[in-house]
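Visitor:
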Amino acid sequence: MTTAPQTNLEKLLARLLDRKPMRTEATLQADVRQLLLDGGLNLDENDLSVDLEAQVGDGRRIDIEVGFTAIETKKDLRSAAILKDAVKQLSGYVHARTEQVGQRYVGILTDGADWRAYSLSGDDLVQASRFEVKQKTSPTELLRWLEGVLATAEGIRPTPDAIESRLGADSVSHKLDRATLTALYEEHKGLPTVKLKRELWARLLRSALGTQFEDSDELFIEHTLLVNSAEIIAHLVLGIDVTDMQPSTLVLGQRFEQAQIYGVVESDFFAWVIEVPGGEGFVRTVARRLARYDWAKVEHDVLKVLYESVIAAETRKKQGEYYTPDWLAEKVVADAVADPLHQRVLDPSCGSGTFLFHAARRYLQAAEDEGRPLRQTLIDISDHVAGIDLHPVAVALARVTYLLAIGRSRLMSDERGPIRVPVYLGDSVQWQQRTDLLDHGHLVIRTEEGGLLFENELRFSEHLLADAGRFDSIVNELADRATNRPPKSKPSLATLFNRLAISSKDDQQELTENFRLLCHLVDNGRNHIWSYYVRNLARPMWLSREENRVDVLVGNPPWLSYRHMSEEMQDLFKEMAQSRKLWRGDEVATHQDLSGLFIARAVQQYLAVDGTFAFVVPNPVLDRPYWSGFRAGHYPDANETVKIAFSGSWDLRRLRPHFFPRGSAVIFGRRMRALIGEAAKNNTPVPLPTITERWTGKIPGRNSDWAHVEKWIKREDHELKFVGEDLISSPYRKRFWQGASIVPRVLFFVEQQETGPLGLGGGRVAVRSERSSTEKPPWKSLPDMEGVVEKEFVRPALLGENVLPFRLLPPRKVVLPIEGNATLLSGEHPHLERYPDLANWWRAAEAQWMANRSSERLTLSAQLDFRHKLSDQLPATPLRVVYGKSGMHVSAALVDDPNAIIDHVLYWGTVATREEGMYLCAILNTPALTEVVRPLMAYGKDERHIDKAVWQLPIPEFNPLNPGHRRLAELGAAQAEHIAELTIDETANFVKLRRVIRSVLADSPQAEELDLLVRLLLE
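Letter 12 of the sequence shown, counting from 1, is numbered 11 in numbering that gives the first Met the number 0, and no numbers are missing.
#1: Quick one: any contact between the stretch 334-348 and the stretch 540-554, if contact means 3 or more CB pairs under 8 Å?
#2: If we count Cβ pairs, one from each stretch, closer than 8 Å, do we get three or more for the stretch 740-756 versus the stretch 955-969?
#3: Please state if the CB of ARG655 and the CB of PHE645 are separated by a distance shorter than 9 Å.
#4: Would you tell me roughly how many angstroms separate the C-alpha atoms of TRP840 and VAL814, rounded to the nearest one?
#5: For the stretch 54-68 and the stretch 172-192, state whether three or more C-beta atom pairs, one from each stretch, are separated by less than 8 Å.
#6: For the 8 Å Cβ check, are there 3 or more pairs between the stretch 734-746 and the stretch 900-913?
#7: Quick check on this structure: which residue in MET540, ASP592 and LEU571 has the alpha carbon closest to the alpha carbon of HIS563?
#8: Whole angstroms are fine: how far does the CA of HIS390 sit from the CA of TYR605?
#9: Any contact of the stretch 250-257 with the stretch 284-297, i.e. 3+ C-beta pairs under 8 Å?
#10: Can you give me the Cβ contacts of HIS888 inside the same chain, cut-off strictly under 6 Å, excluding the 5 residues immediately before and after it?
#11: Can you give me the C-alpha to C-alpha distance between ASP946 and GLY755, rounded to a whole angstrom?
#12: Do the CB positions of VAL880 and LEU919 come within less than 9 Å of each other?
#13: Do the stretch 613-620 and the stretch 662-674 make contact, defined as three or more Cβ pairs closer than 8 Å?
#14: Name the one or two DSSP bridge partners that MET671 has.
#15: Use the C-beta contact count for LEU452: other C-beta atoms within 10 angstroms, 16 or more gives buried, fewer gives exposed.
#16: State the DSSP-derived secondary structure class of PHE792, mapped to helix, strand or coil.
#17: What residue range is occupied by the uninterrupted beta strand (DSSP E) comprising GLY883?
#18: Could you spell out the range, first to last residue, of the alpha helix (DSSP H) harbouring THR929?
#19: DSSP on MET0, reduced to helix/strand/coil?
#20: Please say whether ILE698 and LEU719 have beta carbons closer to each other than 9 Å?
#21: Between TRP271 and the rest of its own chain, which residues show a CB-CB distance below 7 Å, the 5 nearest in sequence each way excluded?
#22: Give the range of the beta strand (DSSP E) segment to which PHE989 is assigned.
#23: May I ask you to verify whether the stretch 413-423 touches the stretch 235-249, counting CB pairs closer than 8 Å and requiring at least 3?
#24: Using a Cβ-Cβ cutoff of less than 8 Å, which residues in the same chain neighbour ASP240 once the five nearest sequence positions on both sides are dropped?
#25: Run through DSSP, which three-state label would PHE748 get?
#26: Which of the three DSSP states is assigned to THR158 in this structure?
#27: For ALA838, which residues in the same chain have their Cβ closer than 7 Å to its Cβ, ignoring the five residues on either side in sequence?
#28: Is the beta carbon of ALA393 sitting closer than 9 Å to the one on GLY425?
#29: Starting from the Cα of PHE865, find the closest Cα among THR822, TYR261 and VAL331 and give me that residue.
#30: Which residues in the same chain have their Cβ closer than 8 Å to the Cβ of GLU52, if we skip the five residues on either side of it in sequence?
#31: Once the 5 residues before and after TYR231 are set aside, which same chain residues still bring their CB inside 7 Å of it?
#32: Would you decide whether ARG283 is buried or exposed? Buried here means 16 or more other CB atoms lie within 10 Å of its CB.
#33: Tell me which residues share the same chain as PRO372 and place their Cβ nearer than 8 Å to its Cβ, disregarding the 5 neighbours each side in the sequence.
#34: Can you list, in chain order, the residues of its chain whose CB lies under 8 Å from that of ARG205, leaving out five sequence neighbours each side?
#35: Which residue marks the beginning of the beta strand (DSSP E) containing HIS717, and which one marks its end?
#36: For GLN974, count neighbouring C-beta atoms within 10 Å of its own C-beta (all shown protein chains included) and say buried if the count is 16 or more, exposed if not.
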C-alpha cells in the first residue's frame, strides 16, 4: 500500500485539527479511518484491516478497530469530564478484547488533534503515550506515532536509525510494552521465583558496578524487556516464525536446543515473565512487533543500538557502560588477531558483543578462505572466540550478537553440526580471587543467604568442567529433573549417570547431593535459575586455569572510577591495586579507575605466556601520573606475578565527534614469562612506549565500518609528555589549593528575601535556596531550603562562573557555619546553639543530606570540609589569586575580599603583594600559557581539566628585583585596569563573557609583548 500524496494528507490533517463545534463524530471517524488507509501503514480497505463500528458485545461498538487496537473518537477532548468518560468507555472495550484475544490489546483516544495511547495496568487503563498535533505538524510525524501503536508495517529493515526511532525509549511501541510489563511486575513481584531472579540480578550488578548501580524495579523492568526482545530477535535471525510459537518455547530457547544451537536463549533472570499470569500474552505481543523487521539483513551490532536506545545515556554513564564503535572494534580486532585460525580470542568484558562480532567474523572469513568444512568451522569457533561479562543483560545481548556474526546462511545450512555460543556470565576481575568459586578442586556455588553467610552450596568436581557440553548437560538435566519431578519426591539418577558416563562414586555422590539441594530449592519456589547460574560461572573459572588460557585478549574494560565504587569494592580495589603497584595513594584515589586493575587481572587470569592483548582505555592511561604503575607493566601478586611488554598505543582523544564521554586510547602488549631469581634480571617488563600513534580527524557517522572511517583519519607518530611529579618545576604548586566542596548547592547557596515592614530584628536575614538548571537528581527535585539566619553566616562565595580573565563577577551568597576565622564543624557542633537560626538551618540541611546522600561514608560536615578545603581558607589573607579548575582556556583573577569563600571548581593561592598577584594573572591569562599547558591537561572530551597542570611548567616565584617579573606585573596591572573599565552585561553567560574579554585582550597594545615575555619565561 502506498502513501497518498503529501498535499492530500496535509488537507486531511488540517480537517482533523479543526475542532469546530459543527463537526460531527461521524465526520471525524471517517477522517481518522481515511488517514489510516492513506498513510502508508500497510492497511487495506479491501481486506477490512480497518473495521468501523466493530461489535464488542452487549450492544457496544468500537468506533474503529485495527488489529489489536481500539480507536475511540470524540469531537473535543479538552473538557476534563468528557475525557474521563471517554477513558472509561475505552477501558471497557480494551478489557473485553483482551479477554477475547488472549494477548495485550491497546486503545487510542482522539479528537483529531489530541491522540492518546492507553494500555491496561491491572484493572486500570493507563495512558502510555500522547501525541498532540500542532499547526506545523507534518502528517509523517503523526503516522510514525500511529504505526508505533498499531504495529502494522512489515519487512522493516533494522537499521540503527529504525531501531532507535521505532523501538527506543522515546517510541510509543516501547512505552506501551513497558507499561504492560510494569503492571505485570507490580502484580507478581512478591512471588518467590520472581524475587529470587531479581535478587540474583541485583547481586551481580552491584558487584559489577558498585555505587553506580541504582537498584530499582524500573531498571529491572527495562532489562527484562531488553533481554526478552533480544531472545525473540535470536529466533527471527534464523527465520523462525515467532508469531505462532508458545511464549515459553520462545523465552526458554527450546527451538535452539532442538536445532543443537546451545547457549543463546535459556532460562535466565528475566524468564519470570512466562511464570506469571498474563506474561505469555505480553511475550506474544512483543514477538508480533519484532516479527515485522527483516532480521536477515542485519550486518552490525544491532543489540548495542537497541540497548543504547532504551537505557538512558545518564544511566549508562553512571554505570561506566561505554560501548565501542563498530569501526574501532573492527580495527582493534584486525590488528590484534593476526592468525585467527590458530589464536584463541577472549573479550573478558564483552558488553553487547561488539568485539566478539568482529572476532567471529574474522575467524569465519579465514576458515572460508582456507576451505575448511562449515561443520568443523562452527564447532571450532566456540573454542576460538569467547566472551565474559558480569552484566546479565550484556551477556544476553552478546549471545544474540554472536549469532548475528555467524549469520543466517551458515546457521541454516544442512552442513553445520552442533554450535555452542561461548558467552558467559562471570566476574573477570574475580574480586574474591577465586576463593568464592574454587575450593579444593571444586566449583562452589552458594544458593541461599542466611544473615551474612551462605547456608547451602552446589559443588561440582573441577574435572567435570573440562568438557563444556557434557557439563552443561549434567547441570541442565539435574535442574530439569528437580523441576519436573512429582512434589517432594527425589527420583534416582542412575539413568543420568549411565547415559553421561559418570562412573566415579565420588562424582555420583556429589551430584546426588546437588540434586537434593536443587529439589529443596524447587520445593521452596527458588527454582528455574540455578542451571543458568552454575553453567555461566563455571566456564570463566575453567578458562582461568593455566592450561586453558587464550592467546589474545581484546575489549573495552569497565571504566569505573574509585569514587563510584561501593565501600566494600573500594576496600578490595585498594588492596588488590596496592599489591600490584597500581595504587598511587589516597590523594589521587578519586581519579583512579577500575580499568587498569581489570586489565592486570584479565591478563593474569586468562592470557597465556607470550599471548597479546589490545584494550580500549581512558586516555589518561597514556600520560597521567596516577597511571604510572600500570604503564610500568609489572604487577606482582602473591599468587602469580604478571609482567607485560607493552608494544604501543593509539591516542584517540583528538577524533571528532567524541564517541565516549571521556577521551580514549588503545593500548597493546604481550604477557611475559614471570621468572624469578637471577633469570628475572634479563626478563624485565617493557613500559608503555613514549611514542604513540595519534589519530586526528572527523568520523563520518556513528555506525560506519573501518574501510569508510579510515579515509577520514590521519595517523601519525607523536611523543607523549608523561606528566609526573618529577616534571613539577614551579614553586607555586605548593601554594595553590582546590576550593571547598560546597555541595549539594541547594543546601548552601541562597538568595536574600524581602522581610516585610516589620523586619527581622538586628543582624538577621531571610534567605531561600538559589536554584540552578545544572542541579542533578536527587537534589534538583528537593524543595527549597528557606528560613532566617544570622547575617554573619551569609558569606560571599566565588564559583568558576564568577571568574573572568583579570575580573570577578559579583559573588554568590552562601550560608556556612563559619564563626570568625574558624568553622563550627567539630564534634557535635556545640557552638551552633549560640546561633539558633543557623542551628535550625544546619539541622535541616543535615536531614536532607542524610536522606539523599549517595555515599554513607561522609557526614555533611565532612563533605563540606573534605580534606580541610574549607578550614584551610581560614583566616583568609587579603590577597589571593584564583583560576578555574577546568575549561578550554585558563582564566584567573585577583581576589581582595578576605571574607570570600572559594568553591571547589576553583584553585586559589595567596600572594604577598598586588604586584605578585598581577604577575601571576598576567601569566595565567596569556594564550601562550594555555597553549603550552594544554598537552599536560587531563582529558574528558577535550583538554579542559586544568587543575594543577599549570604548575608543572617552569613558572618561577615572583622576584621584585627581576626586571622581567616586574614588567609582567606592570602589564598584568594594565590589562586588569583595562578589563575593569570594560562595559559588559554581568548577567550574561560567563563563557560568552570570557570569550569577549579574551578578544579584547588579544587586541590590546600589551598583548604581543605579554605573549613574548610569557613564552620566554616558560622556555
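Just so you know, even glycine gets a beta-carbon here, dropped at the ideal spot from N, CA and C.
Guide: Quick answer:
#1: With the cut-off at 8 Å, the stretch 334-348 and the stretch 540-554 touch.
#2: no
#3: Translated into the one-based positions of the sequence shown, residue 645 becomes position 646. Translated into the one-based positions of the sequence shown, residue 655 becomes position 656. No; because the gap between Cβ atoms is not below 9 Å, this pair is not in contact.
#4: The residue given as residue 840 occupies position 841 in the sequence shown. The residue given as residue 814 occupies position 815 in the sequence shown. Cα to Cα, the separation comes out at about 9 Å.
#5: no
#6: yes
#7: Here residue 563 is taken as the residue at index 564 of the sequence shown, counted from 1. Considering only alpha carbons, the answer is ASP592.
#8: The residue labelled residue 605 in the question sits at position 606 within the sequence shown. The residue labelled residue 390 in the question sits at position 391 within the sequence shown. Answer to the nearest angstrom: the Cα atoms are 19 Å apart.
#9: no
#10: For the purposes of this step, residue 888 is identified with residue 889 of the sequence shown, where counting begins at 1. Closer than 6 Å at Cβ, skipping near neighbours: THR929.
#11: Here residue 946 corresponds to residue number 947 of the sequence shown, with the count starting at 1. Here residue 755 corresponds to residue number 756 of the sequence shown, with the count starting at 1. C-alpha separation (whole angstroms): 45 Å.
#12: Looking up residue 880 in the sequence shown gives position 881. Looking up residue 919 in the sequence shown gives position 920. In contact: VAL880 and LEU919 (Cβ atoms closer than 9 Å).
#13: yes
#14: What you label residue 671 is simply residue 672 of the sequence shown in a count that begins at 1. According to DSSP, MET671 bridges with LYS642.
#15: The sequence position of residue 452 within the sequence shown is 453, counting from 1. Confidence at LEU452 is low in this model, with a pLDDT of 30, below 50, so the placement of that residue should be treated as unreliable; the coordinate-derived value is given next. Exposed is the call here.
#16: For this step, residue 792 is matched to residue 793 along the sequence shown. PHE792 falls in the helix class under three-state DSSP.
#17: The residue labelled residue 883 in the question sits at position 884 within the sequence shown. Counting along the chain, the beta strand (DSSP E) containing GLY883 begins and ends at 879-883.
#18: Counting from 1 along the sequence shown, the entry for residue 929 is found at position 930. Its alpha helix (DSSP H) spans residues 926-932.
#19: In the sequence shown, residue 0 corresponds to position 1, counting from 1. Interpretation of MET0 is limited by its pLDDT of 47, a score under 50 that renders its predicted location unreliable; no figure is taken from the coordinates.
#20: Mapped onto the sequence shown, residue 719 falls at position 720. Mapped onto the sequence shown, residue 698 falls at position 699. Their beta carbons are not under 9 Å apart, which means LEU719 does not touch ILE698 by this criterion.
#21: Counting from one through the sequence shown, the residue named residue 271 turns up at place 272. So the qualifying residues of the chain are THR192, VAL193 and LYS196.
#22: Along the sequence shown, read from residue 1 onward, the residue named residue 989 stands at position 990. Unbroken run through PHE989 is the alpha helix (DSSP H), 989-1001; no beta strand (DSSP E).
#23: no
#24: In the sequence shown, residue 240 corresponds to position 241, counting from 1. Cβ neighbours of ASP240 beyond the five flanking positions: ALA290.
#25: Residue 748 sits at position 749 when you count from the first residue of the sequence shown. The answer is strand: DSSP assigns PHE748 an E or B state.
#26: Counting from 1 along the sequence shown, the entry for residue 158 is found at position 159. Looking at THR158 - three-state DSSP - the assignment turns out to be coil, as it is neither helix nor strand.
#27: Locating residue 838 in the sequence shown gives position 839, where the first residue counts as 1. Hits under 7 Å: LEU831 and GLU832.
#28: In the sequence shown, counting from the first residue as 1, residue 393 sits at position 394. In the sequence shown, counting from the first residue as 1, residue 425 sits at position 426. Not a contact, by the Cβ cut-off of 9 Å.
#29: Sequence index remark: in the sequence shown, residue 865 carries index 866 (1-based). The shortest Cα separation from PHE865 among THR822, TYR261 and VAL331 belongs to THR822.
#30: In the sequence shown, residue 52 corresponds to position 53, counting from 1. For GLU52, where only same-chain residues beyond five positions count, the Cβ hits under 8 Å are ARG60, ILE61 and ASP62.
#31: Reading the sequence shown from its first residue, position 232 is the one you call residue 231. Before going on, a small fix: residue 231 reads as Ile here, not Tyr. VAL241, LEU249, VAL285, ALA286 and LEU289.
#32: The residue given as residue 283 occupies position 284 in the sequence shown. By the 10 Å Cβ count, ARG283 comes out buried.
#33: Against the sequence shown, residue 372 aligns to sequence position 373. GLU414.
#34: Position 206 of the sequence shown, counted from the start, is the residue given in the question as residue 205. Correct list, in chain order: PHE212, ASP214 and SER565.
#35: The count along the sequence shown starts at 1 and reaches residue 717 at position 718. Note, HIS717: beta strand (DSSP E), 712-718.
#36: Taking the first residue of the sequence shown as position 1, residue 974 is located at position 975. By the 16-neighbour rule on beta-carbons within 10 angstroms, GLN974 is buried.
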